[in-house]
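Everything below concerns the one structure shown next.
Number of protein chains: 2
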Amino acid sequence: MRGAATVVLPPAVHEPLTPRGTAERCLESARTSTTPGTGGLPEIRQWLEERARVNEFTTTPVPFAQLDGWRFTDDTGDLVHRSGGFFRIRGLDVSGADGPVPHWSQPVIDQPEVGVLGMLAKEIDGVLCLLVQAKMEPGNINVLQLSPTVQATRSNFLRLHGGAATRYLEYFTEPGRGRVLADVLHSEQGGSFYRKRNRNIIVETDEDVVVHDDYRWVTVGQLHALLREDNMVNMDARTVLSCLPLSAPAAAFDDAAQSETAAIQSWLNNAKSRSSLVSRLVPLASVDRWRRSEDAISHEENRYFQVIGTMVRASNREVTSWGQPLIAPRGRGVVAFLVCRTRGDVEVLVHARAEGGTPDVVELGPTVQCVPDNFHGLPAGQQPRYLDLVREAAPGDILYDTLLSEEGGRFYQAENRYLAVGVDDEVRSSTPPPGFRWMALRQLYALVRHGGYLNVEARSLLACLQPMV
Amino acid sequence: MRGAATVVLPPAVHEPLTPRGTAERCLESARTSTTPGTGGLPEIRQWLEERARVNEFTTTPVPFAQLDGWRFTDDTGDLVHRSGGFFRIRGLDVSGADGPVPHWSQPVIDQPEVGVLGMLAKEIDGVLCLLVQAKMEPGNINVLQLSPTVQATRSNFLRLHGGAATRYLEYFTEPGRGRVLADVLHSEQGGSFYRKRNRNIIVETDEDVVVHDDYRWVTVGQLHALLREDNMVNMDARTVLSCLPLSAPAAAFDDAAQSETAAIQSWLNNAKSRSSLVSRLVPLASVDRWRRSEDAISHEENRYFQVIGTMVRASNREVTSWGQPLIAPRGRGVVAFLVCRTRGDVEVLVHARAEGGTPDVVELGPTVQCVPDNFHGLPAGQQPRYLDLVREAAPGDILYDTLLSEEGGRFYQAENRYLAVGVDDEVRSSTPPPGFRWMALRQLYALVRHGGYLNVEARSLLACLQPMV
Chain A
1 MRGAATVVLP PAVHEPLTPR GTAERCLESA RTSTTPGTGG LPEIRQWLEE RARVNEFTTT
61 PVPFAQLDGW RFTDDTGDLV HRSGGFFRIR GLDVSGADGP VPHWSQPVID QPEVGVLGML
121 AKEIDGVLCL LVQAKMEPGN INVLQLSPTV QATRSNFLRL HGGAATRYLE YFTEPGRGRV
181 LADVLHSEQG GSFYRKRNRN IIVETDEDVV VHDDYRWVTV GQLHALLRED NMVNMDARTV
241 LSCLPLSAPA AAFDDAAQSE TAAIQSWLNN AKSRSSLVSR LVPLASVDRW RRSEDAISHE
301 ENRYFQVIGT MVRASNREVT SWGQPLIAPR GRGVVAFLVC RTRGDVEVLV HARAEGGTPD
361 VVELGPTVQC VPDNFHGLPA GQQPRYLDLV REAAPGDILY DTLLSEEGGR FYQAENRYLA
421 VGVDDEVRSS TPPPGFRWMA LRQLYALVRH GGYLNVEARS LLACLQPMV
Chain B
1 MRGAATVVLP PAVHEPLTPR GTAERCLESA RTSTTPGTGG LPEIRQWLEE RARVNEFTTT
61 PVPFAQLDGW RFTDDTGDLV HRSGGFFRIR GLDVSGADGP VPHWSQPVID QPEVGVLGML
121 AKEIDGVLCL LVQAKMEPGN INVLQLSPTV QATRSNFLRL HGGAATRYLE YFTEPGRGRV
181 LADVLHSEQG GSFYRKRNRN IIVETDEDVV VHDDYRWVTV GQLHALLRED NMVNMDARTV
241 LSCLPLSAPA AAFDDAAQSE TAAIQSWLNN AKSRSSLVSR LVPLASVDRW RRSEDAISHE
301 ENRYFQVIGT MVRASNREVT SWGQPLIAPR GRGVVAFLVC RTRGDVEVLV HARAEGGTPD
361 VVELGPTVQC VPDNFHGLPA GQQPRYLDLV REAAPGDILY DTLLSEEGGR FYQAENRYLA
421 VGVDDEVRSS TPPPGFRWMA LRQLYALVRH GGYLNVEARS LLACLQPMV
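In the order they appear, the protein sequences are chains A and B.
Take the first sequence: its position 282, counted from the start at 1, is 282 in the UniProt record's numbering, and no numbers get skipped.
Take the second sequence: its position 201, counted from the start at 1, is 201 in the UniProt record's numbering, and no numbers get skipped.
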């Protein structure tokens, strides 16, 4: 028999009547332009300026002879790191391609390991936020861009560089550490990488997260706004963001949409079957029409890109100085979707692109994806399809137009102009040439949750166009 | 001003108020056990007996020296066809595998081209029917099995064999010829093929189809019934059938299911990241612990399989006689899912399997997939997980148990026992060992519409278990 005791009630819990779904929470975050507790876009810009001021970071092109830790092998001429890790510059022989040049060889980045691009998510005062990093990369035209929480190759996180551990990596490599919102194996640039893929991961945590100075919680809406600023959100952040489950498949997937998915799969598989493109790695020394000087490996007509050496000094990286090769493109690229909104759904014109380094030969790419300078002097019939339409678009038809960089860890000042150009029903009604097909954006947002469908340029644009759906 | 004219009314059309969706039509076909106009299972059996009687087909094992059109190359010892086409028997070197044998080499089928497995569909009196073929294959234990409408390698349909064209192929290679219900690039056996994939296609036509004697329309329900007969429905028909859109993703895909899909993708990607398995093609002559005699290539302990030569005579094939190698397994395999139905959803225990020839190293496989004889004499700790549970299952717990053959075009009398064994919540509640995970069947039916997730043995079982969902 016990005496009277104080009854302790559990604290009142105000749960919503229906738990909100992931898509709903992502959409709410997309409509939110202020991070609870830490402010809006002005505060983000202040923080970025401060990070740029506090951290030192310099990239200096150097002759290959001064490229610390790297050498050309005697037998193949490949450019390799002394650890055998990271990546190699090798040769790629491509034959059976469509178009005026069916056969060529070129330098290529060979990195036969799967990297991790991880974005940590957490609800802050009920708003789903993403932890971005103010990351300095050697190839960045403006040194610092917003990156995912983690951006690591296997070599990095095995710490082949002998430096510090990668922050927050445990959320993406320890199973069960959080709730997985996305985890998709996606390709990188098929024009520069040989079958390289990364895991695009978004993990939500309920844990308390210590936010280091170079990191910051942002809303999806803030990221969408920042995607409209030149060279602000890096490629890795864009491809991870494209996988965010903003729409519930249940809503998008009626019977008609399912039929259309099968039709798209069939169209892509037909393109793969039809393609006779064959690519294989060859010694860098055997690559035809490319010349190696003391400073660069260049095409004999100065087209496409150069491979250069750089020395990097950084105050806030796992190691504070290192040498590495980078791919330096010639000229600025154009990456564009034609968009049509006259038929209910928002539709984009997709191009089935076969590239030498694409893991499975063909992926769905944007309507236009090229460096116009590479086509300089060629007749009209050999210019990229729809490039003229994109270039001559009336200002009122331009729905999106921003300079975005390719990944600064591999590319030197690789800036492309990303566009979305609205077209009328007349363009939409004409039969597109072989290899092009109109698809509903919501179809692409469903497909991007699986690997092997969309190339990295298309995924970048998908991230930028999320506010449109 | 015209005179009175006879008014011709269009014929009355009785369309349903709502057009039926594909999933609904597939489900209706699954509930139908009679093909309109041509009868039920007894008529199908009669037809099969007649086809077996009318067509002559013999397979005779022969020494390699008598294997018409094939030879071992001088430099590598690979077994190749004189055309350079079809396939080659090469060597595969596998290292970094889990388990007691981390490194081995073995013969492997190398066929670096994508085949077509096509099932033609058509509504007959409102019932969706599939056109199956009574196909004789050299390795079939019973000569004749039900196959998809088209089962062709690229070499076949390019007619490298110099024979007749493949019937009905145009429905699967000419875009726009019909309505695509499924078109998925799926892998074949990772234990015997090097990264081989096929397009699994289902195309629905409205055209009149001339049905050749060796072909017949069947309902999905009839196929499900025939899948319960030993060695009746061949492997190619099973994997294509597994892709049939029996359930609408809209119904299956609420927010919770979407989260679970991401979790499964993450689990699979983790398994890929963790796997250190590396496999590469090597000369057949360099394969260790395998011996070539006049009649066969065999493992020194007579385990696993043999490569043998056969001469084939057929009255109803594109060419009427040919020689070819076949893979002859040692002993009968066991392929099984543990099934639990205590938690609302029908769930199966999936095993993330790394195999030497799997295109992307790891795929989701059945709970058990092994040839028990290969483990003869090994201690209990090295026996395949859950094999004992499957073998000792009480009759009342066996939900499916049928002998099914692997593809008779590559395998000689390769018969496996396919099972589904029900388990209680006690088994379901215990934490499965690493590499195993319970998944809802409906999740797998959604994933099988994309390539790279499910291996061919799991897909076979998915086809057999369709009536369960």
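Glycine included, each C-beta is placed from N, C-alpha and C at the ideal position.
Identity of the residues DSSP links to residue i by a beta bridge
i        : result
Lys122/A : Cys129/A
His186/A : Asn198/A
His81/A  : Trp70/A
Leu349/A : Trp438/A
Asn416/B : Gly333/B, Leu404/B
His299/B : Trp290/B
Ile141/B : Answer by DSSP bridge pairing: none, since Ile141/B is not bridged.
CB contact below 8 Å: residue i versus chain B
i        : result
Thr22/A  : yes
Trp438/A : no
Val180/A : yes
Ser83/A  : no
Val220/A : no
Asn269/A : yes
Gly365/A : no
Pro245/A : yes
His450/A : yes
Pro175/A : yes
Ala30/A  : no
Asp183/A : yes
Val114/A : yes
Arg88/A  : no
Ala458/A : no
Close beta carbons around residue i, own chain, < 8 Å, minus the five adjacent residues each side
i        : result
Val282/B : Arg90, Gly91, Leu92, Asp93, Ser105
Gly221/B : Ser29, Ala30, Arg31, Thr32, Ser33
Ala251/B : Note on Ala251/B: pLDDT 47, under 50, position unreliable in the model; no value is reported.
Residues near residue i in its chain [Cβ-Cβ closer than 7 Å; skip 5 each side]
i        : result
Val448/A : Ser242, Cys243, Leu454, Arg459, Leu462
Thr76/B  : Pro283, Leu284, Ala285
Ala296/B : Gln306, Val307, Ile308
Val362/A : Leu268, Ala271, Lys272, Ser275, Ala352, Arg353, Ala354
Within-8 Å CB hit, residue i to chain A
i        : result
Gln466/B : no
Gln265/B : yes
Ser259/B : yes
Ser95/B  : no
Arg167/B : no
Asp255/B : yes
Val127/B : no
Ser430/B : no
Ser273/B : yes
Arg199/B : yes
Ala262/B : yes
Selection from the options that minimises the alpha carbon distance to residue i
i        : options                                : result
Lys196/A : Val143/A, Pro42/A, Leu441/A, Gln111/A  : Gln111/A
Val116/A : Val421/A, Glu363/A, Glu204/A, Asn200/A : Asn200/A
Glu300/A : Pro107/A, Asp236/A, Gly39/A            : Pro107/A
Thr58/A  : Asn140/A, Val101/A, Leu79/A, Phe87/A   : Asn140/A
First and last residue of the uninterrupted alpha helix (DSSP H) at residue i
i        : result
Ile265/B : One point to set straight first is that residue 265/B is Gln, not Ile, in the sequence displayed. That run of the alpha helix (DSSP H) goes 255-274.
Ser29/B  : 22-30
Arg90/B  : That residue, Arg90/B, is in no alpha helix (DSSP H); its beta strand (DSSP E) goes 88-95.
Ser242/A : 235-242
Val448/A : No alpha helix (DSSP H) holds Val448/A; DSSP gives it neither H nor E.
Ala314/B : It is not in any alpha helix (DSSP H) - Ala314/B instead sits in the beta strand (DSSP E) that spans 305-314.
Delimiting residues of the beta strand (DSSP E) encompassing residue i
i        : result
Cys370/A : 368-370
Phe337/B : 333-343
Cβ neighbours of residue i in the same chain (closer than 6 Å, five flanking residues each side left out)
i        : result
Met468/B : Val346
Asp360/B : Gly452
Val350/B : Leu364, Arg437, Met439
Cys340/A : Glu347, Val423, Arg428
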